[in-house]
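Note sheet for the following structure.
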Amino acid sequence: MKRKKKKLTTLFILLGVLAVVVLVFFFGGRREKIKHQAGPAVSATGSGQVQGVKTKRVTIFFLSESDNLLHPEEREIRAGTLNEEARAVVEEIIKGSRSGLLNTVPETTRPRQVFVTSDGTAYVDLSRQILEASYYGSSGEMAAVYSIVNSLTYNFKSIKRVSLLVEGNERETLGGHIDLSRPFNPDYSLVAR
Amino acid sequence: MPRTARVILVLSLLFVAFSSLVFSPVLAQKKSQPVPVIKVEVADFTGGTRLKITAGSNLNYSLRKSGNVLTVSFRTSSGLRYDRTPFSSRLVQSIDLAKSPEAFLLLIKTSTADFSYTQSARWNPFELTIELKGVEEKKAPAEPRPAAPEKPAATQVQTQPTPVAEQAGPPTSGGKKQVKTIVIDPGHGGNETGAKGTYGTLEKDVTLAVSRKLKEAIERGLKYRVVMTREADLSVPLERRAAIANNNKADLFISIHVNGSRRVKANGSETFFLSLNATDEESRRLAYFENNSEELENRVPEKDFDDLKLILWDMAQSAYLKQSSQLAEFVQQELNELLNTRNRGVKQAPFKVLTGAACPAILVEVAFITNPEEEKQLQSEDFQARVAEAIYRGLNRFLQLYEKP
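Structure, rendered in structure tokens:
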């Protein structure tokens with residue numbers, strides 16, 4: 000009797016091992032992709048609970064009236080997937096500053112889509128209103144581009160560079176100056192210390 | 000069951016589990032997505048060249064022309080292979096497959112930057128047909144300077160005249176490269192107005208006025224041909240502006256702009272040359288990280304060297320950065336001297352108009368049209384003339400430096 004029980008246990012163990020083997024065989028190759036879609040977990044330091052909604056603290060860069068540099072402003076956004084959080088950051092940039100800093104992009108702009116590829120490029124697709132600014136000299140354009148680029152790369156470790164699209168298409172520039180055809184690395188020399 | 004048999008069974012199962020762990024990603028990839036192979040057929044016809052690109056599966060693609068390179072980007076997650084077949088063509092020089100962070104790029108290099116293209120695609124099976132047509136220009140030399148030099152080493156350029164320039168250029172003393180043509184690029188134009196001032200002044204009008212004055216100054220004082228990328232209030236695409244410089248074998252490219260900012264107070268003048276989005280910014284970024292936060296350490300992007308090479312290859316200007324920075328320095332000094340505007344210094348930024356220029360190239364940002372005081376200045380003939388004079392003096396100093404044997 001005892002012997003039979005032992006035999007049964009062994010059988011179960013073997014079945015378990017087999018199940019693991021099968022599972023690993025079919026899903027092993029996809030581990031990388033799944034990991035990326037999950038996005039970064041809400042960090043312990045920069046998160047809180049506001050009225051039961053999980054939030055995340057982020058830093059948004061706006062232009063300062065006093066110098067020609069980008070200055071940080073803290074915000075709470077709703078926690079979610081990487082794509083959702085990145086989109087929320089772009090929305091905050093468009094909404095503009097609450098502490099008297101200058102907005103860098105036209106407030107009528109809509110984010111059409113924000114998604115991050117597995118190699119760390121964030122594609123930010125904006126509506127055509129992003130092009131309609133009277134202040135797009137080189138400085139104005141640099142501020143618009145790098146407030147978006149720096150805000151995204153600063154807040155999300157998995158975003159290494161940012162590519163800007165307008166109405167779903169690649170564009171040469173926003174207003175005739177800065178080249179949009181390549182993804183941007185962050186440039187923190189434009190940020191106040 | 001004997002004990003030994005059980006042990007052997009368990010061990011063999013563990014072995015299978017282990018090996019499947021190791022090999023499953025490979026197998027899964029192979030099974031789910033075979034790597035598409037693209038083939039390119041090249042055939043010349045009168046007045047152009049037809050490229051037929053075929054692949055085993057449908058591909059998302061986009062086309063982009065930059066100088067003498069037509070890039071077809073394929074966005075695919077499954078990898079891509081290029082089945083190279085030899086070809087000969089008047090227009091197409093080489094076809095290569097490269098990988099950028101977000102796509103596979105088929106780089107079609109042509110003998111001239113002056114061509115137009117049309118494309119059509121068929122699906123199932125995938126077939127993309129691109130027709131390249133050379134643009135005939137009366138004045139343009141038969142072989143314009145290649146817009147993308149293959150060895151973009153800044154130090155080589157000073158001493159080495161490009162082979163094409165030697166062949167097609169007018170006879171020069173001892174084969175030394177001499178400055179012959181200066182291309183002036185008045186920023187914006189047509190419906191592309193540039194920045195606007197509070198009194199309604201448009202950037203495009205000021206840049207054209209200053210450019211005209213600069214042209215006069217150069218023609219008065221120096222024996223150089225001056226070509227303008229636009230002579231009137233016209234919209235000219237940015238890539239076209241660089242192409243005009245390269246087709247005229249420009250030795251200097253000066254783009255004139257007037258600055259604008261959301262900050263009404265912003266003021267001053269600055270001179271730009273191209274930044275490559277990776278080189279010195281990498282170090283500035285590092286400096287920022289060091290001073291700011293310890294948790295930023297792992298955020299420094301690991302820059303793939305191949306990407307960098309591709310960027311360099313794609314940008315003709317990368318070969319001339321050293322000279323461009325020197326030219327920018329001289330012009331900025333003269334602007335400070337003559338204009339009395341705040342010195343914002345020499346800076347680098349990824350300006351579209353500068354990327355394709357195969358010669359020393361700068362972009363001057365004179366004062367801020369969005370600053371009411373400076374806007375008034377920019378409207379005045381006298382101020383415009385002083386801007387032209389300052390740029391003229393700056394480039395004259397540069398020319399003298401490089402004219403010496």
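As you go down the protein sequences, you meet chains A and B in turn. Position 186 of the first sequence, counted from 1, bears residue number 185 in numbering that gives the first Met the number 0, the numbering being contiguous throughout. Position 113 of the second sequence, counted from 1, bears residue number 112 in numbering that gives the first Met the number 0, the numbering being contiguous throughout. Ideal Cβ placement from N, Cα and C applies to all residues, glycine included.
Residue burial classification, residue i (beta-carbon count within 10 angstroms, cutoff 16)
i      : result
A/A43  : Per-residue confidence for A/A43 stands at a pLDDT of 40, beneath the threshold of 50, marking its modelled position as unreliable; no derived number is given.
A/L14  : exposed
B/Y391 : buried
A/I177 : buried
B/K351 : buried
B/T381 : The question names Thr, but residue 381 of chain B in the sequence shown is Asp. When all chains shown are included, B/D381 counts as exposed.
B/A112 : buried
B/T45  : exposed
B/V36  : exposed
A/P110 : buried
B/Q316 : buried
B/P124 : exposed
B/V91  : buried
A/Q195 : For residue 195 of chain A there is no data in the structure shown, the boundaries of chain A being 0 and 192.
B/T206 : buried
8 Å Cβ cutoff met for residue i and residue j
i      : j      : result
A/V57  : A/V89  : no
B/K38  : B/T70  : no
A/L100 : A/V165 : no
B/V34  : B/L96  : no
B/L320 : B/L251 : no
B/L127 : B/I183 : no
A/E106 : B/K264 : no
A/E72  : A/S98  : yes
A/L173 : B/R262 : no
B/F271 : B/Q347 : yes
A/L163 : A/L189 : no
A/G119 : A/R160 : yes
A/S115 : A/L69  : Note that residue 115 of chain A is Val in the sequence shown here, rather than Ser. The answer is no: Cβ separation not under 8 Å.
A/L151 : A/A78  : no
B/S72  : B/S61  : yes
B/T369 : B/G186 : no
B/G189 : B/D232 : yes
B/A131 : B/G47  : One point to set straight first is that residue 131 of chain B is Leu, not Ala, in the sequence displayed. Yes, Cβ-Cβ distance for B/L131 and B/G47 is below 8 Å.
B/L444 : B/P359 : No answer is possible for residue 444 of chain B: the residues shown for chain B start at 0 and end at 404.
A/I129 : A/V104 : yes
Span separating the alpha-carbon of residue i from that of residue j
i      : j      : result
B/L237 : A/E171 : 8 Å
B/E165 : A/Y153 : The predicted model places B/E165 with a pLDDT of 31, which falls under 50 and marks its position as unreliable, so this point remains unresolved.
B/A42  : A/P182 : 34 Å
B/V386 : B/L377 : 9 Å
B/I129 : B/R74  : 18 Å
B/M227 : B/S210 : 8 Å
A/Y187 : B/G355 : 26 Å
B/A277 : B/A194 : Since pLDDT at B/A277 reaches only 46, below the 50 mark, its modelled position is unreliable, and the value read off the structure follows with that caveat. Each residue's alpha carbon lies about 28 Å from the other.
A/Y135 : A/A191 : 21 Å
A/N67  : B/K375 : 21 Å
A/L17  : B/L12  : 7 Å
A/S133 : B/S324 : 29 Å
B/L213 : B/E372 : 23 Å
B/R224 : B/A249 : 9 Å
A/M141 : B/E269 : 14 Å
B/G344 : B/A389 : 15 Å
B/S115 : B/E402 : 36 Å
B/R49  : B/E40  : 8 Å
A/Y145 : B/T180 : 35 Å
A/K156 : A/I59  : 15 Å
B/A357 : B/Q322 : 12 Å
B/V235 : B/F103 : 30 Å
CB contact check: residue i to chain D, cutoff 8 Å
i      : result
A/P182 : Absent here is chain D; the protein component of the structure consists of chains A and B.
Check: residue i C-beta below 7 Å from any heavy atom of the ligand HEM
i      : result
B/F103 : Inclusion of the ligand HEM in the displayed structure is not the case, the ligand content being empty and no account of it being possible.
Exercise for the section: Take every Cβ of the segment 358-370 of chain B, pair it with every Cβ of the segment 333-346 of chain B, and state whether three or more of those distances are shorter than 8 Å. Expected result: yes
Exercise for the section: Note down, in chain order, all residues in the segment 130-149 of chain A with a beta-carbon under 7 Å from any beta-carbon belonging to chain B. Expected result: S133, Y134, Y135, G136, S137, S138, G139, M141, A142
Exercise for the section: Specify whether the segment 251-270 of chain B and the segment 198-214 of chain B touch according to this definition: at least 3 beta carbon pairs, one from each stretch, less than 8 Å apart. Expected result: yes
Handout entry: At least 3 beta-carbon pairs within less than 8 Å: the segment 64-78 of chain B vs the segment 103-122 of chain B
Key = yes
Exercise for the section: Answer yes if the segment 376-396 of chain B comes into contact with the segment 329-337 of chain B, meaning at least three C-beta pairs across the two stretches below 8 Å, and no otherwise. Expected result: yes
Problem - Residues of the segment 82-107 of chain A with Cβ closer than 9 Å to any Cβ of chain B, in chain order - result: L101, N102, T103
Handout entry: Residues, ordered as in the chain, of the segment 337-351 of chain B that lie near chain A by beta-carbon distance below 7 Å
Key = A348, P349, F350, K351
Handout entry: Proximal residues, the segment 183-215 of chain B versus chain A, C-beta separation under 8 Å
Key = G186, H187, E191, G193, A194, K195, E202
Exercise for the section: Determine which residues of the segment 162-190 of chain A have a Cβ less than 9 Å from any Cβ of chain B, and write them out in chain order. Expected result: S162, N168, E169, E171, T172, G174, G175, H176, I177, D178, L179, S180, R181, P182, F183, N184, P185, D186, Y187, S188, V190
Exercise for the section: Identify each residue in the segment 311-335 of chain B for which the Cβ-Cβ distance to at least one residue of chain A is less than 8 Å, and report them in chain order. Expected result: none
Exercise for the section: Note down, in chain order, all residues in the segment 46-72 of chain A with a beta-carbon under 7 Å from any beta-carbon belonging to chain B. Expected result: L62, E64, N67
Problem - Residues in the segment 236-264 of chain B having any Cβ partner in chain A nearer than 9 Å - result: P236, L237, E238, H256, V257, N258, G259, S260, R261, R262, V263, K264
Problem - Residues in the segment 359-388 of chain B having any Cβ partner in chain A nearer than 9 Å - result: L362, E364, F367, I368, T369
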